[in-house]
Amino acid sequence: MNQILTVAEKEFKDGLRNRWMVSITLIFSVLSIGLTYFGAAASGTVGIASISTTVASLASLAVFLIPLIALLVSFDSFVGEQESGTLLLLLTYPISKSQLVLGKFIGQGSIIALATLLGFGISAIVLYAEFENPAIFNTFSTFIVSAILLGLSFTAISYLISLSVSEKSKAAGLALITWFFFALVFDLALLALLVGIEDGISQQGLTQLMMLNPADIFRLVNLAGLDSTDVNGALAVAVNSSLTQGQWFMLLGAWVIMPLSLAIVIFRNKKL
Amino acid sequence: MASPLVSVEMLGKTYKNLTALKSINLQLAEGEVLGLFGHNGAGKTTMMKLILGVLSPSSGTVEVMGLKPDSKEAWHSRSKIGYLPENVSFYDQLTGLEVLTYFAKLKGYNKKQAINLLEQVGIANAMKRQVKTYSKGMRQRLGLAQAFIGEPKLLLLDEPTVGLDPIATADFYATVDQLKSTGSSIILCSHILPGVEQHIDRAMILSSGKVLAMGTLAQLRSEANLPIAIKPRGLNGSVLEDATLNGFFCKTSNSLQVPEDKKMTVLKQCLSYEHLADIDVESASLEKVYHYFLTRDSAVKPSSRGNVL
Chain A
10 MNQILTVAEK EFKDGLRNRW MVSITLIFSV LSIGLTYFGA AASGTVGIAS ISTTVASLAS
70 LAVFLIPLIA LLVSFDSFVG EQESGTLLLL LTYPISKSQL VLGKFIGQGS IIALATLLGF
130 GISAIVLYAE FENPAIFNTF STFIVSAILL GLSFTAISYL ISLSVSEKSK AAGLALITWF
190 FFALVFDLAL LALLVGIEDG ISQQGLTQLM MLNPADIFRL VNLAGLDSTD VNGALAVAVN
250 SSLTQGQWFM LLGAWVIMPL SLAIVIFRNK KL
Chain B
23 MASPLVSVEM LGKTYKNLTA LKSINLQLAE GEVLGLFGHN GAGKTTMMKL ILGVLSPSSG
83 TVEVMGLKPD SKEAWHSRSK IGYLPENVSF YDQLTGLEVL TYFAKLKGYN KKQAINLLEQ
143 VGIANAMKRQ VKTYSKGMRQ RLGLAQAFIG EPKLLLLDEP TVGLDPIATA DFYATVDQLK
203 STGSSIILCS HILPGVEQHI DRAMILSSGK VLAMGTLAQL RSEANLPIAI KPRGLNGSVL
263 EDATLNGFFC KTSNSLQVPE DKKMTVLKQC LSYEHLADID VESASLEKVY HYFLTRDSAV
323 KPSSRGNVL
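So the protein sequences, as listed, match chains A and B.
Using our numbering, you'd call the opening residue of the first sequence number 10 and step up by one each time.
Using our numbering, you'd call the opening residue of the second sequence number 23 and step up by one each time.
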């Protein structure tokens, strides 16, 4: 346990030192405050939009940004140390490979989690000051917790990438493709399926397909509770699915644990 | 005698289609310093990785302190092993002290010990600076400090003196001698041969994954049967007139090239001249011994290949 904490502490301090923490918090807070105040501009009014509009717009932006940021923060965490030789050195220390993965995950995950909490938390506070409606905190806690899980999921996915390649540049390319696939291509493919297949796919089939993408699960978690007018596209079909919000959260959690476990397995079989 | 600290038997390591090491045998006692020599790709680093347990052997066995280094049981003994990899570049953004504290903590030590080690290797004055501002020699000293964490029982050093200035090299060897006197065993891998010989007990010369020669320097010298250079001064022409001496005289080096077993005879003969002003006796250097075994190996190879054909 001490070993995990030592690694986690170093990674967390690295995150502070590299200004990751500050930049992510800044991006998220500018984004969330901006959307809170001007989210209604599209409908012709300037001023604080309704909670559901705000969360819907925040969710549709966060679903692009959070995976990208998580991949950026972590894509080189193993391949970078492999290139500089410290990974080999660490493996001669009394620390196991799983301890190293978990330590890094806790350290870098805390950076993402804390930045998400602070950045979007500001928005919740601003909204509460305006409306004094406690429901805001309810909606926002769902949003923030799921956003953190989404970030952790892509941190774990980037470890998979970082451990599968032996060059930093390859890891960067692979991370970009991964982001492109989960954030854009996957949904386009789903839409194509919906429109292209004559009989259409069942609502259940669509929901099951969406479980294959943590970004879609994140959208579902957040949009399920909102007015359907703020939700459109393939999502609208899946929103009225049979799964409860708790189950969607568990699925998102599984998308953290699975890639992380797989990363440990890959690390154990990796030749240095 | 106590059981050996490192025991290697018939060790072999093959990568996909490359034999990195073949039937290596080695017993390293406590407090013994072994020099591991060989050109690039000879298998030195592979051998270190096998002893460290980062790699698992393809054949044969490795035991360190009675345990297989790649097994789970050996984890705790890892804090008693120090390793300095070749070409390691530490976290550039961190200060020297932060880097060393991190590694010290992973071995169960703290910042205080890290500071002591930085003082020991002589970079305590720069410990608050980022590693990216360090010179090559300072980085190497930091690496050494890292390997010395926790007074290891076994040290594996891959090219430890690369980038060190002569004074730092002397400091390094002083530390090696000190660690040796406290019972630590050291495996030293180096390309830089001069200066190593006084500090190693035994040498192992590797080439293409095989042991070309192993033993104490005296053993290797006698096996190589390289002559000793004796340079008498003040004898003028007497050397050429002396029946015992003139056979050994070598014009190009202007010295007597004497085989090991004739050393005393020749020396006594030289000393019998009253006008002898000075005499230098130089045993074959490690470098010469190394070259001897390498060239002998490459000289043997073509003929053995010829036999196959």
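For every residue, glycine included, the Cβ atom is placed at its ideal position computed from N, Cα and C.
Handout entry: DSSP-derived helix/strand/coil call for residue 327 (chain B)
Key = As a position in the second sequence, residue 327 (chain B) is number 305, starting the count at 1. Any reading at residue 327 (chain B) must be qualified, since the residue scores a pLDDT of 40, below 50, and its modelled position is unreliable; no value is offered.
Problem - chain A within 8 Å of residue 324 (chain B), Cβ atoms only - result: In the second sequence, the residue the question calls residue 324 (chain B) occupies position 302. In this prediction, residue 324 (chain B) scores a pLDDT of 49, lower than 50, which makes its location untrustworthy; no coordinate-derived value is stated.
Problem - Cβ-based burial, residue 227 (chain A) [other Cβ within 10 Å; buried from 16] - result: On the first sequence, residue 227 (chain A) is found 218 positions in, with the first residue counted as 1. Residue 227 (chain A) comes out buried.
Handout entry: CB contact below 8 Å: residue 228 (chain A) versus chain B
Key = To locate residue 228 (chain A), count along the first sequence from 1; it is residue 219. Judged by the 8 Å Cβ criterion, residue 228 (chain A) is not in contact with chain B.
Exercise for the section: Please state if the CB of residue 223 (chain B) and the CB of residue 204 (chain B) are separated by a distance shorter than 8 Å. Expected result: Walking along the second sequence from the start, residue 204 (chain B) turns up at place 182. Walking along the second sequence from the start, residue 223 (chain B) turns up at place 201. Not a contact, by the Cβ cut-off of 8 Å.
Practice task
Indicate the three-state DSSP secondary structure (helix, strand or coil) for residue 267 (chain B) in the structure shown.
Solution key: Here residue 267 (chain B) refers to the residue found at position 245 of the second sequence. Three-state result, residue 267 (chain B): coil.
Handout entry: Burial state of residue 268 (chain A) (16 or more Cβ within 10 Å)
Key = The count along the first sequence starts at 1 and reaches residue 268 (chain A) at position 259. The residue in question, residue 268 (chain A), is buried, as its Cβ has 16 or more Cβ neighbours within 10 Å.
Exercise for the section: Please confirm if residue 113 (chain B) has its CB atom under 8 Å from at least one CB of chain A. Expected result: Sequence index remark: in the second sequence, residue 113 (chain B) carries index 91 (1-based). Yes, contact with chain A.
Problem - CB contact below 8 Å: residue 127 (chain B) versus chain A - result: For this step, residue 127 (chain B) is matched to residue 105 along the second sequence. Taking Cβ atoms only, chain A reaches closer than 8 Å to residue 127 (chain B), which makes this a yes.
Handout entry: Cross-strand partners of residue 59 (chain B) (DSSP beta bridge)
Key = Start at 1 with the first residue of the second sequence, and residue 59 (chain B) comes out as number 37. Its beta-bridge partners are B:227.
Exercise for the section: Kindly confirm or deny that the region 48–55 of chain B and the region 192–211 of chain B touch, where touching means at least three C-beta pairs closer than 8 Å. Expected result: Counting C-beta pairs with one atom in each stretch, the region 48–55 of chain B and the region 192–211 of chain B have three or more that are closer than 8 Å, which means they touch.
Exercise for the section: Compare the C-beta of residue 19 (chain A) with all C-beta atoms of chain B and state if any pair is closer than 8 Å. Expected result: Translated into positions along the first sequence, residue 19 (chain A) becomes position 10. It does: the Cβ of residue 19 (chain A) has a partner Cβ on chain B nearer than 8 Å.
Practice task
Pull up the distance between the alpha-carbon of residue 283 (chain B) and that of residue 247 (chain B), whole angstroms please.
Solution key: Within the second sequence, numbered from 1, the residue matching residue 283 (chain B) stands at position 261. Within the second sequence, numbered from 1, the residue matching residue 247 (chain B) stands at position 225. Between residue 283 (chain B) and residue 247 (chain B), the C-alpha separation is close to 9 Å.
Problem - First and last residue of the uninterrupted beta strand (DSSP E) at residue 10 (chain A) - result: On the first sequence, residue 10 (chain A) is found 1 positions in, with the first residue counted as 1. First-last for residue 10 (chain A): undefined, no H or E at that position.
Practice task
Counting only runs of 4+ residues fully inside the region 198–227 of chain A, write out the alpha helix (DSSP H) ranges in chain order.
Solution key: You should have 212–219.
Problem - Alpha-carbon to alpha-carbon, residue 79 (chain A) and residue 189 (chain A) - result: Residue 189 (chain A) sits at position 180 when you count from the first residue of the first sequence. Residue 79 (chain A) sits at position 70 when you count from the first residue of the first sequence. Cα to Cα, the separation comes out at about 13 Å.
Exercise for the section: Express the C-alpha separation of residue 124 (chain B) and residue 83 (chain A) in angstroms, rounding to a whole number. Expected result: Working through the first sequence from its first residue, we reach residue 83 (chain A) at position 74. Working through the second sequence from its first residue, we reach residue 124 (chain B) at position 102. Annotation: residue 83 (chain A) to residue 124 (chain B) spans about 20 Å, alpha carbon to alpha carbon.
Practice task
Alpha carbon to alpha carbon, how far is residue 166 (chain B) from residue 191 (chain B)? Give it in angstroms, no decimals.
Solution key: Sequence index remark: in the second sequence, residue 191 (chain B) carries index 169 (1-based). Sequence index remark: in the second sequence, residue 166 (chain B) carries index 144 (1-based). It is roughly 11 Å from the alpha-carbon of residue 191 (chain B) to the alpha-carbon of residue 166 (chain B).
Exercise for the section: Using alpha carbons as the reference points, say which of A:192, A:187, A:202 and A:259 lies closest to residue 68 (chain A). Expected result: The residue you call residue 68 (chain A) lines up with position 59 of the first sequence. Of A:192, A:187, A:202 and A:259, the residue nearest in Cα terms is A:192.
Handout entry: the region 89–110 of chain A: positions lying closer than 9 Å to chain B by Cβ
Key = Correct list: 90, 92, 93, 94, 95, 97, 98, 99, 100, 101, 102, 103, 104 and 105.
Practice task
Taking the CB atoms as reference points, tell me whether residue 160 (chain A) and residue 122 (chain A) lie closer together than 8 Å.
Solution key: Position 151 of the first sequence, counting from 1, holds the residue named residue 160 (chain A). Position 113 of the first sequence, counting from 1, holds the residue named residue 122 (chain A). Taking C-beta atoms as the reference points, residue 160 (chain A) and residue 122 (chain A) count as a pair closer than 8 Å.
Practice task
Note down, in chain order, each residue of its chain lying with its Cβ closer than 8 Å to the Cβ of residue 218 (chain A), except the 5 sequence neighbours on either side.
Solution key: The residue given as residue 218 (chain A) occupies position 209 in the first sequence. So the list reads 199, 202 and 210, once near-sequence residues are dropped.
Problem - Distance, residue 260 (chain A) Cα to residue 177 (chain B) Cα - result: As a first step, residue 177 (chain B) is located in the second sequence; it is residue number 155 there, counting from the start. As a first step, residue 260 (chain A) is located in the first sequence; it is residue number 251 there, counting from the start. Inter-residue distance for residue 177 (chain B) and residue 260 (chain A) is about 48 Å (C-alpha atoms, whole angstroms).
Exercise for the section: Find the nearest neighbour of residue 162 (chain A) within the set A:195, A:176, A:182 and A:115, judged by alpha-carbon distance. Expected result: Start at 1 with the first residue of the first sequence, and residue 162 (chain A) comes out as number 153. A check of alpha carbon separations from residue 162 (chain A) across A:195, A:176, A:182 and A:115 identifies A:115 as the nearest.
Exercise for the section: Count the CB pairs spanning the region 93–102 of chain B and the region 102–111 of chain A that are closer than 8 Å, and state whether there are at least three. Expected result: They touch, by the three-pair rule.
Problem - Length of the line joining the Cα atoms of residue 243 (chain B) and residue 306 (chain B) - result: Looking up residue 243 (chain B) in the second sequence gives position 221. Looking up residue 306 (chain B) in the second sequence gives position 284. Each residue's alpha carbon lies about 7 Å from the other.
Handout entry: Backbone CA spacing between residue 21 (chain A) and residue 109 (chain B) [nearest angstrom]
Key = The count along the first sequence starts at 1 and reaches residue 21 (chain A) at position 12. The count along the second sequence starts at 1 and reaches residue 109 (chain B) at position 87. Near 26 Å, if we compare the C-alpha coordinates of residue 109 (chain B) and residue 21 (chain A).
Exercise for the section: Please determine, among B:226, B:89, B:82 and B:293, the residue with the shortest C-alpha to C-alpha distance to residue 308 (chain B). Expected result: As a first step, residue 308 (chain B) is located in the second sequence; it is residue number 286 there, counting from the start. Measuring from the Cα of residue 308 (chain B), the nearest candidate turns out to be B:226.
Exercise for the section: Classify residue 324 (chain B) as buried or exposed, calling it buried when 16 or more other Cβ atoms lie within 10 Å of its own Cβ. Expected result: Sequence index remark: in the second sequence, residue 324 (chain B) carries index 302 (1-based). For residue 324 (chain B), the pLDDT reaches just 49, beneath the cut-off of 50, and the residue's location in the model is therefore unreliable, although a value from the coordinates is still provided. That one is exposed.
Practice task
Have a look at residue 42 (chain A) and residue 127 (chain A) and give me their C-alpha separation to the nearest angstrom.
Solution key: In the first sequence, counting from the first residue as 1, residue 42 (chain A) sits at position 33. In the first sequence, counting from the first residue as 1, residue 127 (chain A) sits at position 118. Going by the C-alpha atoms only, they are around 12 Å apart.
Exercise for the section: Tell me whether residue 255 (chain B) is buried or exposed, calling it buried when 16 or more other Cβ atoms sit within 10 Å of its Cβ. Expected result: Taking the first residue of the second sequence as position 1, residue 255 (chain B) is located at position 233. Looking at its Cβ environment, which holds fewer than 16 other Cβ atoms inside 10 Å, residue 255 (chain B) is exposed.
Practice task
Quick one: list the residues of chain B neighbouring residue 281 (chain A), beta-carbon separation under 7 Å, in chain order.
Solution key: Within the first sequence, residue 281 (chain A) is the residue found at index 272, counting from 1. Simply 76.
Exercise for the section: Just the chain B side, please: which residues come within less than 7 Å of residue 28 (chain A) by C-beta, in chain order? Expected result: Translated into the one-based positions of the first sequence, residue 28 (chain A) becomes position 19. None at all; the shortest Cβ gap to chain B is about 11 Å.
Practice task
Look at the alpha carbon of residue 143 (chain B) and the alpha carbon of residue 193 (chain B), and state the distance between them as a whole number of angstroms.
Solution key: For the purposes of this step, residue 143 (chain B) is taken as residue 121 along the second sequence, with counting starting at 1. For the purposes of this step, residue 193 (chain B) is taken as residue 171 along the second sequence, with counting starting at 1. Approximately 8 Å between the Cα atoms of the pair.
Practice task
Report yes if the C-beta distance between residue 81 (chain B) and residue 32 (chain B) is below 8 Å; otherwise report no.
Solution key: One-based indexing of the second sequence puts residue 81 (chain B) at position 59. One-based indexing of the second sequence puts residue 32 (chain B) at position 10. For residue 81 (chain B) and residue 32 (chain B), yes; Cβs fall inside 8 Å.
Practice task
Have a look at the DSSP bridge pairing and note the partners of residue 46 (chain B).
Solution key: Here residue 46 (chain B) is taken as the residue at index 24 of the second sequence, counted from 1. Note: residue 46 (chain B) sits in a beta bridge opposite B:33.
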